[in-house]
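**Q**
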Amino acid sequence: AQSVTQPDIHITVSEGASLELRCNYSYGATPYLFWYVQSPGQGLQLLLKYFSGDTLVQGIKGFEAEFKRSQSSFNLRKPSVHWSDAAEYFCAVGPYNTDKLIFGTGTRLQVFP
Amino acid sequence: GAGVSQSPSNKVTEKGKDVELRCDPISGHTALYWYRQSLGQGLEFLIYFQGNSAPDKSGLPSDRFSAERTGGSVSTLTIQRTQQEDSAVYLCASSSRMGDSPLHFGNGTRLTVT
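Chains as they are written, first to last, in this note's numbering: chain A, 1 to 113; chain B, 1 to 114.
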């Protein structure tokens, strides 16, 4: 079955610390992978996406993610977290020809000053 | 330019009533999606419209749910005889389906069924 797992429901980090949010997927075909961020009271915004090519992708706001086929993972990273990064982060997988994406349950990030 | 607009932003209704949720996609976007976001359950795909093709309704949870898209633009999601388990945030997204264009999400409608 196709699925996305975000094992961490809630993560707390100090401002300036590094961050890694985990995402594992199960998908029968070549996966197209996405990370979205949802700030309080706002819609989801695309952070980055992986379709093909270089397995390390750069996104907005200083985020990056690495696709590891052997581990079925697409973890999101940021070297130094800012207080404004506090939000909920969703990993998603899907086919390219539609955006009928399968989303994970999200990881809520809290940032302490 | 204008983003995806959803209305109302909040809706409280009594169990058993019908509700309509509206989505105005970005102008020119041919693809439109409805998702449901329930607490602790991530986003659940509901329905997908692409151009003039028949919609993909495979995610609709029951026959109380329906959606239409008029003139290839505005979409309405209708929930009949609402139940408490329908309480969630309903998100609409649109896409131009050009190359690797991303989904653009609206801010959602928070539905509370009392």
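From the three backbone atoms N, C-alpha and C, an ideal C-beta is built for every residue, glycine too.
#1: Compare the beta carbon distance of F45 of chain B and G59 of chain B with 9 angstroms and say whether it is the shorter of the two.
#2: When we look at the beta-carbon of I102 of chain A and count the other beta-carbons within 10 Å, is it buried (16 or more) or exposed?
#3: Using 9 angstroms as the limit for Cβ to Cβ distance, is V4 of chain B near chain A?
#4: Between the alpha carbons of A2 of chain B and N107 of chain B, how many angstroms are there, rounded?
#5: Could you tell me the alpha carbon to alpha carbon distance between I47 of chain B and Q6 of chain A, rounded to whole angstroms?
#6: What's the gap between the Cα of A65 of chain A and the Cα of A88 of chain B?
#7: Which chain B residues sit within Cβ distance under 8 angstroms of T105 of chain A?
#8: Span of the beta strand (DSSP E) holding D24 of chain B?
#9: Pairs of beta-carbons, one from the stretch 6-22 of chain A and one from the stretch 78-89 of chain A, closer than 8 angstroms: are there three or more?
**A** In short:
#1: If you number the second sequence from 1, residue 45 of chain B lands on position 45. If you number the second sequence from 1, residue 59 of chain B lands on position 59. For F45 of chain B and G59 of chain B, yes; Cβs fall inside 9 angstroms.
#2: Sequence index remark: in the first sequence, residue 102 of chain A carries index 102 (1-based). Burial is judged here by how many other beta carbons sit within 10 angstroms of a residue's own beta carbon; I102 of chain A has at least 16 and is buried.
#3: Your numbering for residue 4 of chain B matches position 4 in the second sequence. Among the CB atoms of chain A, one or more fall inside 9 angstroms of the CB of V4 of chain B.
#4: Numbered from 1 along the second sequence, position 2 holds the residue referred to as residue 2 of chain B. Numbered from 1 along the second sequence, position 107 holds the residue referred to as residue 107 of chain B. Computed Cα separation, rounded: 13 angstroms.
#5: The count along the second sequence starts at 1 and reaches residue 47 of chain B at position 47. The count along the first sequence starts at 1 and reaches residue 6 of chain A at position 6. Approximately 24 angstroms between the Cα atoms of the pair.
#6: In the first sequence, counting from the first residue as 1, residue 65 of chain A sits at position 65. In the second sequence, counting from the first residue as 1, residue 88 of chain B sits at position 88. Taking C-alpha positions only, A65 of chain A is separated from A88 of chain B by approximately 30 angstroms.
#7: As a first step, residue 105 of chain A must be located in the first sequence, where it is residue number 105. By Cβ distance, chain B contributes G40, Q41, G42.
#8: Within the second sequence, numbered from 1, the residue matching residue 24 of chain B stands at position 24. According to the DSSP assignment, D24 of chain B belongs to the beta strand (DSSP E) that extends over 19-24.
#9: Output reads yes: the stretch 78-89 of chain A touches the stretch 6-22 of chain A.
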